[in-house]
Each structure stands twice: as C-alpha cells, then as structure tokens.
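If you read the sequence shown in the working numbering, its first letter stands for residue 2, the second for the next number, and so on. All remarks here apply to the structure that follows.
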Amino acid sequence: MLSLAVLLTVTAESLPAGLLPEMSADLGVGAGEVGLLISVWAATVIVTSIPLARLVARIDRRIVLGGALAMFALANVATAFAPDYRVALATRIAAALAHGVFWAVVIVYATSLLAPSHLGRGLAVVTAGGTAAAVAGLPAATVLAHATSWRAAFAVLGVAALAIAAIVLTRMPRRRPAPRIAAARGEGFWRDPSLPALAAFGVSCVLIATAQFASFTYIRPYLDAAVPTATDWAPALLALYGVAGLIGVVVAGFLADRFPRGALTAVLLVFAVAFAALTIGVGDVVVVVAGLVAWGFAIGAVFPLLQTMLMRTATDRTRTLASAGMVVLFNVGIAVGPWLGGLLGSGASVIAVTVASSVLTMTAAAVGTLAVVLARRVRPAP
Numbered sequence: 002m003l004s005l006a007v008l009l010t011v012t013a014e015s016l017p018a019g020l021l022p023e024m025s026a027d028l029g030v031g032a033g034e035v036g037l038l039i040s041v042w043a044a045t046v047i048v049t050s051i052p053l054a055r056l057v058a059r060i061d062r063r064i065v066l067g068g069a070l071a072m073f074a075l076a077n078v079a080t081a082f083a084p085d086y087r088v089a090l091a092t093r094i095a096a097a098l099a100h101g102v103f104w105a106v107v108i109v110y111a112t113s114l115l116a117p118s119h120l121g122r123g124l125a126v127v128t129a130g131g132t133a134a135a136v137a138g139l140p141a142a143t144v145l146a147h148a149t150s151w152r153a154a155f156a157v158l159g160v161a162a163l164a165i166a167a168i169v170l171t172r173m174p175r176r177r178p179a180p181r182i183a184a185a186r187g188e189g190f191w192r193d194p195s196l197p198a199l200a201a202f203g204v205s206c207v208l209i210a211t212a213q214f215a216s217f218t219y220i221r222p223y224l225d226a227a228v229p230t231a232t233d234w235a236p237a238l239l240a241l242y243g244v245a246g247l248i249g250v251v252v253a254g255f256l257a258d259r260f261p262r263g264a265l266t267a268v269l270l271v272f273a274v275a276f277a278a279l280t281i282g283v284g285d286v287v288v289v290v291a292g293l294v295a296w297g298f299a300i301g302a303v304f305p306l307l308q309t310m311l312m313r314t315a316t317d318r319t320r321t322l323a324s325a326g327m328v329v330l331f332n333v334g335i336a337v338g339p340w341l342g343g344l345l346g347s348g349a350s351v352i353a354v355t356v357a358s359s360v361l362t363m364t365a366a367a368v369g370t371l372a373v374v375l376a377r378r379v380r381p382a383p
C-alpha cells in the first residue's frame, strides 16, 4: 500500500512534463509557465519539508501519512478543476507541501513496521513505487490524458490517493513517536554520533540526484547524438532502461539485508562506470546500450540501499529529520540537475552532460564510501 502511495506522489510530481502542450493550451500560458509547476513543486519541498517534519514530530505517523495523502489527493483534484493558471499553481504548491510531509515520514514509518532482518527488502518494496512511477505511472497518466484530457489524469491521481489515504488511516498500525524522538532538536541532538555519517549520506544523495536529472532530462538529445543510427529505437532503449531499474530495485532489496555496506559502495561504482561508458561509448551502440542498462540498474538500486543504510545508521533522535533531509537534498538535485544539464548541453554538447554526471557520481561513490565507514562507528548493521 505504501508503495502505491509512493507511485502516485512521484507520478504527480513530474506529470505536467508529460502534459505540457495540453496544459499550456487549456490554461492559456506558455510552456515555461507549465514547466514552472514542476520547479515550484521542488522548491516548495526543499523549503518546507524539514520544518513540517518537526511540526508533526509528536503525531502518530499513521495519521501524518494518511493526512498528507488526503491533502495530496484533494490538491490534485483541485488542480483538475483549476479554472486558470494561478489556481493551478496554488494547488500544485498545496500538493507539494503534502508530498514533502509524506516523504519525510513514509520511510521512517515503514522502518518501524519491519523486522531488522527484512529492512532492505521492505524498503525496496516501498521505494519501488518511485521506479514504477517512471516506468509505468507517468506513461499511463499521459496516455489517459491524451485519450481524455489532462484534467482527467490529475483527477484519477487524486481519487486513487484519497482511497489509499482512507486505507492507511483505517487499516495500518499506529506508530506514535516517543517523546525523546519527537524532541529531535533537544539536548544532545548536535552531539549525536550518527550525524557525520548522515551528513555524508546526504552529500552523496544530492550528487546522485543532480547527476541523474542532469542526464535523464536530456536523454533523448544524448541518444540522438551518441547513436544517430538508432534514433528510431529510442523508446525501446528507454523501456530497457526502466526494466533495468526495476531489476535494480529487486536486487537491492536482497543485497541490503545481506551486504548493506558493500552493496551501496558497489552500486555507486556501477553508477560512475555507467556514465563513463555513456561518455566514451559515443558512436558504439553496444557500449551505449550497456551503459544505459547499467545506469538504469544503478538508479533503481541506489536509493533503496541508501535509505536502508540511512535508517540503520540514524538513531531514534535523528531518524525523522534524516529522512526529511534526504527528501530536501533529493529535490535540490531535481532542481539543479536539469539546469546544469541545460547549461552544459547548450554551451558545449550533450556529451558534456554525461562527463559531468560521471564526475558527480564518482564523487558520490567516494563520499558514499566515507559515509559507510563513518556508519560503522555508530552501530553495527543488522
């Protein structure tokens, strides 16, 4: 159920990108203004996630999750009925507020439901919703919008989220934080032994997200430049990338419970190698396809592994804010990545984007390895 909720929230975040012509024509604005609906979403999450996570820290996490999903649902339904662009922008901000709270709590809540020996597999199932959103959720919503209208896509998302919110509120277990957890900034917070490792994991996260969105935003221009003879195969190559991502999620679930530290380091290295292959393999279809598959596998595997290590490293005092911080940093990558990709792609070439992503992911691998070493000093991984 939590995985389905993740699928809906991630689909909604990027949905205007798939509906850009329809929304632009109906709302009477340019493509840039519709694109702003995504940028404002990311900015809202960045600014509000941590303060809102602290605000709800004393409330039963089931209620927080259900309430956030209900607000998310109503905001998306409101977007579907928006009479003009200003209302649509306001409803997107409301949905982003709910999105930030949901993501700040969902991993912590899922962790509280799982036995330590099954944490990796459980979190992989939850985060698989994000990968499924890219592979199936966004394309399905786009198809629905093209068959009916863009408003129908938002309405269906909202109704589905409302149904899941009702199930969460009535069927899921209660999980009320202990007072000492709720007071995350209380005495001793800044001396918590998990903070250095959590900070390193956070730096690795923002580097990965920046590299991911710098390159994936401009994947079609890259494919056109790297393998011009295979232009007609671009949809199939992207589907292959998505399937590799789903395989990465499954593999990560098993590895996270058996080799939690080594698996994260290994996947970060695969990430770096994938972008290196995409950089040096220009003109070679086999190398480009191999790099694309490795990239898809790595992006599918890295976040379940990262979230698992984060939850195992964080103490009770730091867990909620660590989760909220990861949401903020990931959205920083969402905001910065496309800008960086556009800057490099227009100023040099689309190949320069993969060069930058390769450097970013190699740095992320180094910082992630440092985080794993620091995590050893906090507590042994189960």
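Ideal placement from N, C-alpha and C gives every residue a C-beta, glycine not left out.
By the Cβ test, the segment 25-35 is in contact with the segment 77-94, since at least three Cβ pairs between them sit closer than 8 Å. For secondary structure counted as the alpha helix (DSSP H) over 4 or more consecutive residues, the segment 288-348 holds these complete runs in sequence order: 320-348.
Here Asp233 carries a helix assignment [DSSP, helix/strand/coil]. Sixteen is the threshold: since fewer than 16 other Cβ atoms of the shown chains lie within 10 Å of the Cβ of Asp225, the residue is exposed. Residue range Ile220 to Ala227 is occupied by the alpha helix (DSSP H) that includes Leu224. In the displayed model, Ser195 falls within coil according to three-state DSSP, outside both helix and strand. Inclusion of Ala161 and Ala142 in the CB contact set at 7 Å is not warranted, their separation being larger than that value. Val379 sits in coil when the DSSP states are folded into three classes, being neither helix nor strand. In terms of CA proximity to Pro178, Thr112 leads the group Gln213, Thr112 and Val252. Secondary structure of Ala58 (DSSP, three-state): coil. Taking C-beta separations shorter than 6 Å and ignoring five residues to either side along the sequence, the partners of Leu279 in its chain run Gly292 and Thr355, following chain order.
Looking at Trp42, Leu269 and Ala18, the one whose alpha-carbon comes closest to that of Ala91 is Trp42. His147: member of the alpha helix (DSSP H) spanning Leu139 to Ala148, first to last residue.
Boundaries cannot be given for Ala116, as no alpha helix (DSSP H) includes it and DSSP labels it neither H nor E. If you draw a 10 Å sphere on the C-beta of Ser358, you find 16 or more other C-beta atoms in it, and that means buried. Nearest Cα to Thr128 within the set Thr12, Ser195 and Tyr242: Thr12. For Leu163, the enclosing alpha helix (DSSP H) starts and ends at Trp151 to Arg172. Counting every other CB atom within 10 Å of its CB across the protein chains shown gives Trp191 a total below 16, marking it as exposed.
The beta carbon of Ala44 is closer than 7 Å to those of Ala336 in its chain, skipping five residues each way along the sequence. Within its own chain, the residues whose Cβ lies closer than 6 Å to the Cβ of Phe272, once the five positions on either side in sequence are excluded, are Ala299 and Thr362, listed in chain order.
A residue is called buried when at least 16 other Cβ atoms come within 10 angstroms of its Cβ; Gly301 meets this threshold and is buried.
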